[in-house]
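To keep things clear, I will list the structure first and then write my remarks on it.
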Amino acid sequence: MARMGARSYVNRVRVRIAVAVEHCAPTMMAEDPPIRLRFAPSPTGALHIGGARTALYNWLATRHSGGELVLRIEDTDRERSTEENVEQILDAMRWLELSWDEGPVSQASRSERHGEALKRLLDSGAAYRDSATAKEVEAWKQEHGADRGYRGEPTDEPGAAVRLRVPDEGETVVEDLIRGPVSFPNRSYDDFVIARGDDSVLYNFAVAVDDAEMEITHVVRGDDHLSNTPKQLLVLAALGHAPPRYAHLPLLHGPDGRKLSKRHGAASVQELRDAGYLPAAVRNYLALLGWGADDDATLMSTEELVERFRIEDVGRAAAIFDEKKLRWINGRYMREMSLDEYTAAVASYLGREVDERLRAACEIAQEKAQTLAEVWPLIRFIFEPPVEDEKSWRKVMKEDAGALLGAAREVLAGIDEFDARTVEEALTPLPERFEVKPGRLYQSIRVAITGSTISPGIFESVAVLGRDESLARIDAAIARL
RNA sequence: GCCGCUAUCGUCUAGGGGACUAGGACGCCGGAUUCUCAGUCCGGAAACCGGGGUUCGAAUCCCCGUAGCGGUACCA
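Under this note's numbering, think of the first position of the first sequence as 45, with each following residue one higher.
The following block contains the structure:
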């Protein structure tokens with residue numbers, strides 16, 4: 045039974061697509077009934093991973109069905125909503141490459157419409173003014189039982205808040221696309237406040253009015269709103285509007301199982317960007333948090349995600365954000381990029397211009413980095429002097445280092461061409477001649493030219509550095525021994 | 001407190017009464033490869049929260065418990 049709602053919806057979607065394909069394949073989306081979703085963050089902080097996933101799911105669901113996505117900013121709390129936060133959210137959306145078709149609409153800018161709706165409810169008696177304070181409400185509940193919602197007394201007192209009348213009998217049922225029908229007893233809800241004493245409206249009222257007037261057909265949002273939904277349904281009913289379909293996504297938690305927050309590391313979209321992740325990889329990973337393709341596919345292009353994503357396939361249990369898997373996915377995306385794309389991404393991350401040198405550096409590092417942040421440590425020796433790393437030096441520069449480096453210098457000075465292949469051919473005979481393992485020679489050169497024991501392949505590294513600079517650094521190392 | 005949601009390897013998940021010896025992926029462990037680090041390849045360990053039902057048969061359906069989470073604002 046719990047699945048019926050979701051199933052019948054699924055069937056409808058399938059039938060619709062089948063019909064559309066049959067009749068007008070090239071423009072099948074144009075024939076779809078108008079689907080309108082909205083992503084409605086409140087600008088009280090940066091867009092966090094949870095919000096980003098909600099945005100992504102809204103976007104995927106919209107694009108999958110060829111509908112429209114409205115971006116609405118829930119800024120009715122003027123105290124906490126700031127311009128900077130709004131800009132941060134837009135910035136995060138753009139970085140994630142999630143487009144919207146309408147907005148951003150400021151909810152606060154719609155206050156006139158909210159006022160009209162409020163007046164209608166007041167006039168019809170569906171809502172009333174009540175001057176009770178929080179303390180008085182609490183006292184009322186003490187008296188009437190904890191499972192009993194507050195019921196107030198109408199007053200004409202100016203400055204009294206406006207409450208919606210909630211019936212004592214019956215229940216309000218949320219037909220959730222992910223969870224099936226969820227019913228809430230009406231008597232457990234307070235006659236909740238829908239407008240402050242100054243008639244400015246509150247969240248649950250504004251959302252209901254806006255969703256209805258903006259003709260939103262599907263509301264996809266976090267699970268934390270499930271318990272609020274009956275209130276919105278009650279407002280909608282009082283106003284005579286048909287409710288949208290709802291889909292409540294399971295929440296995202298940090299590695300400790302608790303709600304995601306600052307101390308969980310890269311918690312905001314901006315932090316993800318700074319950590320060197322690729323937007324496409326983040327989309328791929330986020331899509332997998334709470335949803336999976338039926339064949340367990342892990343790596344999916346955004347097109348594939350759009351194609352396969354269905355809101356009713358989203359899971360019901362909260363998921364934990366695990367950066368390890370994101371890293372792995374990101375590494376896969378990094379390696380699959382063309383060299384031009386890769387170079388452009390690295391340049392943009394580093395704030396450098398694309399040039400041949402950077403391109404050559406990227407070419408030898410692409411296989412080795414999992415994030416954009418990991419690229420620079422691998423290639424900086426090409427742009428800057430070797431790093432000072434006493435540990436690496438002591439570990440590698442033993443007694444035989446001078447002889448090895450001297451021999452390496454000599455053969456490198458003597459070759460005609462200076463590319464990875466010729467460098468390799470020149471150096472390969474040396475270990476045998478000195479009766480040492482190849483690693484001794486290569487690590488000595490590596491530390492000489494990069495300062496570190498970690499770098500891209502040694503032949504490539506020497507080649508990209510160039511003959512003059514490589515010889516100079518080897519000379520400097522010999523001198524220092 | 002009250003109202004509600006959720007529960008499969010450490011993590012993300014597959015699973016819709018028999019195809020389950022519970023599958024895949026990340027991570028972890030071991031091996032191979034290489035000049036380092038990565039990467040790649042191969043192998044391994046690793047889970048149905050507990051208890052009752054229903055049924056010939058339950059990871060799957062129902063109930064109870066437990067735990068986690070959410071809501072319970074003149075916040076969103």
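Built from N, CA and C at the ideal position, the CB exists for glycine as well.
Bear in mind that the values here come from a model prediction, so they are computed numbers and not experimental data.
- Distance from the CA atom of I117 to the CA atom of D254, rounded to whole angstroms, is 11 Å.
- Excluding the 5 residues flanking it on each side, L394 has same chain C-beta neighbours closer than 7 Å at W420, in chain order.
- Beta-carbon to beta-carbon, G336 and D433 are separated by about 44 Å, too far to satisfy the 8 Å threshold.
- Boundaries around H188 are those of the alpha helix (DSSP H), 178-188, since no beta strand (DSSP E) includes it.
- Where L316 is concerned, the enclosing alpha helix (DSSP H) starts and stops at 313-318.
- Around the C-beta of T387, 16 or more other C-beta atoms lie within 10 Å, and the residue is accordingly described as buried.
- Following the DSSP letters along the chain, one finds H262 inside the beta strand (DSSP E) bounded by residues 262-266.
- The alpha-carbon of Q276 is positioned some 30 Å away from that of R327.
- As summarised for the region 83-142, the continuous alpha helix (DSSP H) elements at least 4 residues long and confined to that stretch are 93-109, 127-139, given in chain order.
- The shortest C-alpha to C-alpha distance from A183 to any of R231, V455, Y194 is the one to Y194.
- Nearest to Y172 by alpha-carbon distance, out of L402, P148, L208, is L208.
- Listed in chain order, the non-local C-beta contacts of L162 below 8 Å within the same chain comprise A171, V206, I238, A239, D243, V245, F249, local neighbours out to five positions each way being set aside.
- Under the DSSP assignment, G169 falls outside any alpha helix (DSSP H); it carries neither an H nor an E label.
- L422 and S499 have their C-alpha atoms roughly 5 Å apart.
- Residue environment: D119 is assigned as buried (16 or more neighbouring CB atoms within 10 Å of its CB, all protein chains considered).
- Taking A252 as the centre and dropping the five residues before and after it, the same chain places the C-beta of Q276, V279, L280 closer than 7 Å to its C-beta, in chain order.
- Taking C-alpha positions only, G266 is separated from P430 by approximately 50 Å.
- Put simply, the backbone Cα of L295 is about 33 Å away from that of H188.
- Here DSSP, grouped into helix, strand and coil, assigns A405 to helix.
- With a 10 Å radius around the Cβ and a threshold of 16 neighbouring Cβ atoms, S153 comes out exposed.
- Selection V508, G446, R465, E513 evaluated against Q487 yields G446 as nearest (Cα-Cα).
- Scanning G483, W437, A507 for the CA closest to the CA of T466 turns up A507.
- Around the beta-carbon of D399, fewer than 16 other beta-carbon atoms lie within 10 Å, marking it exposed.
- Sequence-distant Cβ neighbours of A492 in its own chain, meaning closer than 7 Å and more than five residues away, are L449, R517, I518, A521.
- It is roughly 31 Å from the alpha-carbon of R371 to the alpha-carbon of R223.
- Residue pairing by DSSP puts L81 in a beta bridge opposite L113, H262.
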